[in-house]
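Read through the structure below, which is laid out as structure tokens, and then see the notes.
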Amino acid sequence: MPSGTKMAGMEQLADPSQVPDADLVRLAQAGDLSAFEALTSRHETRVYTLVWRILRHPQDAEDATQQTFLSVLEHLSGFRGDSTFSTWLLRIATHAALKVLRRRKRGEPEPSDEAIEADPWGTVPRPEYIADWRQSPEELVHSQEVQRLLNNALEVLDEKHRAVFLLRDVEGLSIQETAQALGMTAANVKVRLLRARLRLREELTRKLGDPETRLLRHQHH
Amino acid sequence: MKCEELLKVLNEYVDGTVDPVICKEFEKHMEGCDPCQVVVDNIRKTITLYRNGNPVSLPPECRERLHAALRQRWKQTHH
Numbered sequence: 000m001p002s003g004t005k006m007a008g009m010e011q012l013a014d015p016s017q018v019p020d021a022d023l024v025r026l027a028q029a030g031d032l033s034a035f036e037a038l039t040s041r042h043e044t045r046v047y048t049l050v051w052r053i054l055r056h057p058q059d060a061e062d063a064t065q066q067t068f069l070s071v072l073e074h075l076s077g078f079r080g081d082s083t084f085s086t087w088l089l090r091i092a093t094h095a096a097l098k099v100l101r102r103r104k105r106g107e108p109e110p111s112d113e114a115i116e117a118d119p120w121g122t123v124p125r126p127e128y129i130a131d132w133r134q135s136p137e138e139l140v141h142s143q144e145v146q147r148l149l150n151n152a153l154e155v156l157d158e159k160h161r162a163v164f165l166l167r168d169v170e171g172l173s174i175q176e177t178a179q180a181l182g183m184t185a186a187n188v189k190v191r192l193l194r195a196r197l198r199l200r201e202e203l204t205r206k207l208g209d210p211e212t213r214l215l216r217h218q219h220h
Numbered sequence: 000m001k002c003e004e005l006l007k008v009l010n011e012y013v014d015g016t017v018d019p020v021i022c023k024e025f026e027k028h029m030e031g032c033d034p035c036q037v038v039v040d041n042i043r044k045t046i047t048l049y050r051n052g053n054p055v056s057l058p059p060e061c062r063e064r065l066h067a068a069l070r071q072r073w074k075q076t077h078h
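Just so you know, the sequences run in chain order A and B. For the first sequence, numbering that gives the first Met the number 0 gives the first residue as 0, with consecutive numbering after it. For the second sequence, numbering that gives the first Met the number 0 gives the first residue as 0, with consecutive numbering after it.
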């Protein structure tokens, strides 16, 4: 809808599910509760999935989801559309999840980033189990067992690596947007993303790889 | 380019953002290195699988609590 055009309220729209986020945001900013509820309903599963995968705990995921949308409500009037609504929302959800993590780990020392910062490439895991997968992702994605495997494999990553992978590779945020959401430098996001991708590749290939196609890493290359 | 050097540009190669000159070197290396080819293929499949994986559904009672909390806060802030 061109800016300046008078918008219909939610009750006048034939099919609210077709209304773009940006229009729902403008309606909600103008005081339309049903527009805000439509935005929430549209994005709640995405937010819950992200925070559940970061936190790996249903009650914590519920807390972080609720905190996310309360925060959206609180700050919506200040949202100017510099990023898309969903990118803004995912950034808020990530903050909420990390806040829950800090609360959960109160008293525990923060894991040090020194090893990564001092020698980024030295800390990158080298591929060990190298083999073609027995099936394509399209065939695998429907299996409940594979869904469990995907969730379990995420457990091998610490929260920061998990969050980087989920924001960049699953949610499609850019490196810069991921860095902003997590309060990291882009360089740190890149090295964490590489570590996360390689760790997950290793975990999944050990389960989904065809042993008959297994290759040894060339030591001389 | 060696396997180790390939790791440093693996992200950019997989994301399609690698410098064209480096991209050529990367692909030249892969032509003669089956393990690197398979690792790149595995990583692409890993990302695809996660991207297309099932979302985690909000339990209905949790959804009700969320919407009730939001409506209550909305009333408090929109007199």
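Virtual Cβ for every residue (Gly too), placed ideally from N, Cα, C. Predicted model only: the values in this text are computed from it and were never measured.
Check: Taking 8 angstroms as the CB-CB limit, is S2 (chain A) close to chain B?; Outcome: Because S2 (chain A) carries a pLDDT of 45, less than 50, the predicted location of this residue cannot be relied on, and no value is offered for it.
Check: Can the beta-carbon of R125 (chain A) be found closer than 8 angstroms to that of F164 (chain A)?; Outcome: no
Check: Specify, as a first and last residue, the run of the alpha helix (DSSP H) that Q175 (chain A) falls within.; Outcome: I174 to L181
Check: Between A:R55, A:T39 and A:T86, which lies nearest to V155 (chain A) when the distance is taken from Cα to Cα?; Outcome: A:R55
Check: For chain B, check one thing: does any of its Cβ atoms lie closer than 8 angstroms to the Cβ of L26 (chain A)?; Outcome: no
Check: I'd like to know whether the C-beta of Y49 (chain B) is nearer than 8 angstroms to at least one C-beta of chain A.; Outcome: yes
Check: Quick check: A130 (chain A) and V39 (chain B), are their CB atoms within less than 8 angstroms of each other?; Outcome: no
Check: Here's the rule I'm using: 16 or more other beta-carbon atoms within 10 Å means buried, otherwise exposed. How should G3 (chain A) be labelled?; Outcome: Because the pLDDT at G3 (chain A) is just 44, under 50, the model does not fix this residue reliably, and the point stays unresolved.
Check: Within the region 26-77 of chain B, note down every full alpha helix (DSSP H) run reaching 4 residues or more, in order along the chain.; Outcome: 33-50 and 59-76
Check: Cβ of L156 (chain A) versus every heavy atom of the ligand ATP: is any distance shorter than 7 angstroms?; Outcome: Here there are no bound small molecules, and the ligand ATP is not part of this structure.
Check: Alpha carbon to alpha carbon, how far is P58 (chain B) from F68 (chain A)?; Outcome: 16 angstroms
Check: Does L9 (chain B) pass the burial test, meaning 16 or more other C-beta atoms within 10 Å, or should it be called exposed?; Outcome: buried
Check: Report the neighbours of D168 (chain A) on chain B: residues whose CB is nearer than 8 angstroms to its CB, in chain order.; Outcome: I46, Y49 and R50
Check: Note down the Cα distance separating A34 (chain A) from L97 (chain A), rounded to an integer number of angstroms.; Outcome: 28 angstroms
Check: Can you grab the Cα-Cα spacing for the pair L48 (chain B) / P136 (chain A), in whole Å?; Outcome: 5 angstroms
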